[in-house]
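J.: Residue 15 is where the sequence shown starts when you use full-length UniProt numbering, and the numbers rise one by one after that. Pasting a structure below so you can have a look.
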Amino acid sequence: SKKTNITDSWMKKHSSIYKEATRHPFILSIRDGTIDSPSFKKWLGQDYIYVRAFVPFVASVLVKACNELDDSSDTDIILGGLASLNDEITWFKEEASKWEVSLTSVVPQRANLMYCSFLKSLMRSEIEYTVAVTAFWAIETVYQDSFSHCLEDGSKIPEELRETCQRWGNNGFGQYCHFLQNIVDRCLEKASIDIIAKAERVFITVLEHEVEFWNMSKGEI
Ligand code: HMH
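Structure follows, in structure tokens:
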């Protein structure tokens with residue numbers, strides 16, 4: 015029988031916050047077609063700012079992976095993720111112009127600033143690769159799980175949101191998240207209990223920030 019990965023055990027143990035992050039009312043409203051355009055536009059503008067901050071974070075994970083001199087396929091997967099952020103930024107600009115959202119005038123909301131400063135704290139060289147790559151996996155997985163749920167049978171996503179859901183909900187992105195999960199589990203298997211505990215904390219903190227991030231789409235402004 016297959017042994018349970020640490021990441022799977024965390025997803026079970028913290029299933030309540032994991033579910034809050036991946037089945038948030040914002041996502042459910044995309045899935046059932048009841049989303050209003052101001053909410054979507056707010057998310058779009060805020061997420062563009064977030065992704066710009068995510069680029070140096072992913073680059074810092076890549077540097078840490080390179081210093082592991084362990085397995086070059088890990089660095090290739092992270093490099094692939096970094097490269098696809100280039101397309102993602104182009105996509106955000108095109109999508110924003112479709113929805114008439116001016117990206118240069120988006121004011122980052124408090125939850126976004128908090129999340130970006132958390133990313134910045136994880137970029138420090140004292141943060142171990144295992145801890146940083148755990149955050150990276152969790153961040154990508156929340157979007158993958160959320161948006162793939164919007165594409166499942168029975169959903170009524172508005173046509174104009176299908177491409178957004180495809181971006182993170184497609185099978186290729188799902189595969190990529192599984193590769194990241196394998197990297198994390200391999201790191202955790204050889205990590206000290208101290209580092210495993212730090213990584214678990216970071217996993218939970220990512221989920222908390224993701225919930226707050228979705229919540230922003232509802233607030234005023
Ligand atoms: C807030 N979390 C947030 N934005 C994203 N684009 C992702 C995760 C996935 O990259």
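Where is the CB? At the ideal position from N, CA and C, for every residue including glycine. Quick caveat, the model's predicted, so the values are computed rather than measured.
Less than 6 angstroms between the CB of Ile153 and some heavy atom of ligand 1, yes or no?
T.: It does: the Cβ of Ile153 is within 6 angstroms (strictly closer) of some heavy atom of ligand 1.
J.: Within 10 angstroms of the Cβ of Lys78, are there 16 or more other Cβ atoms? Answer buried if so, exposed if not.
T.: It counts as buried.
J.: Are the beta-carbon atoms belonging to Val198 and Trp228 less than 7 angstroms from one another?
T.: It is not a contact, given that the beta carbons lie outside the stated cut-off.
J.: So Thr36 packs on Ser160, CB below 8 angstroms; how close in whole Å?
T.: Right, their Cβ atoms sit about 5 angstroms apart.
J.: Residue range of the alpha helix (DSSP H) that Met25 falls in?
T.: Ile20 to Lys27 is the span of the alpha helix (DSSP H), which, as asked, contains Met25.
J.: Smallest Cα separation from Phe193: which of Leu93, Tyr62, Glu222 and Phe40?
T.: With distances taken between Cα atoms, Phe193 lies closest to Leu93.
J.: Just tell me which of Thr148, Ala205, Glu154 and Glu173 has its CA closest to the CA of Arg215.
T.: Answer by Cα proximity: Thr148.
J.: Glu142 to Glu82, Cα distance in whole Å?
T.: Taking the straight line from one Cα to the other gives about 10 angstroms.
J.: Would the stretch 62–80 and the stretch 131–145 be scored as touching if the rule is three or more Cβ pairs under 8 angstroms?
T.: Flag = yes, the stretch 62–80 and the stretch 131–145 touch.
J.: For Ala146, collect the residues of the same chain with a Cβ closer than 6 angstroms to its Cβ; drop the 5 residues on either side in sequence, then sort them by chain order.
T.: Closer than 6 angstroms at the Cβ level, and outside the excluded window around Ala146, lie Val75, Lys78 and Leu136.
J.: Enumerate in chain order the residues of its own chain whose CB-to-CB distance from Ile41 is below 6 angstroms, with the five nearest sequence positions on each side excluded.
T.: Once the five neighbours on either side are set aside, the close Cβ partners of Ile41 are Ser160.
J.: Around the C-beta of Ser189, are 16 or more other C-beta atoms found within 10 angstroms, so that it is buried, or is it exposed?
T.: The residue asked about is misnamed: residue 189 is Gln in this sequence, not Ser. By the 10 Å Cβ count, Gln189 comes out exposed.
J.: Grouping DSSP H, G and I as helix and E and B as strand, with all else coil, what is Ala79?
T.: Of the three classes helix, strand and coil, the one that applies to Ala79 here is helix, per DSSP.
J.: Among the candidates Phe217, Asn185, His28 and Ile153, whose CA atom is the shortest distance from the CA of Leu165?
T.: Of the listed residues, the one whose Cα sits closest to Leu165 is Asn185.
J.: Given that a residue counts as buried once 16 or more other Cβ atoms are within 10 Å of its Cβ, and exposed if not, what is Ser162?
T.: The residue in question, Ser162, is buried, as its Cβ has 16 or more Cβ neighbours within 10 Å.
J.: Pull up the distance between the alpha-carbon of Thr104 and that of Trp113, whole angstroms please.
T.: Thr104 and Trp113: Cα-Cα distance of roughly 15 angstroms.
J.: Using DSSP with H/G/I as helix, E/B as strand and the rest coil, what is Met137?
T.: Coil, per DSSP.
J.: For residue 1, is the classification buried or exposed, using 16 other Cβ atoms within 10 angstroms of its Cβ as the cut-off for buried?
T.: Only positions 15 to 235 of the chain appear in the structure, and residue 1 is not among them; the question remains open.
J.: By alpha-carbon positions, which one of Tyr32, Val65, Glu226 and Lys33 ends up nearest to Ala125?
T.: Of the listed residues, the one whose Cα sits closest to Ala125 is Glu226.
J.: What is the DSSP secondary structure of Gly233, counted as helix, strand or coil?
T.: Looking at Gly233 - three-state DSSP - the assignment turns out to be coil, as it is neither helix nor strand.
J.: Quick one: does the C-beta of Tyr157 sit closer than 6 angstroms to a heavy atom of ligand 1?
T.: Within the cutoff, so yes.
J.: Once you ignore the five residues that flank Tyr32 on each side, which residues in its own chain have a CB closer than 7 angstroms to its CB?
T.: Correct list, in chain order: Met25 and Leu221.
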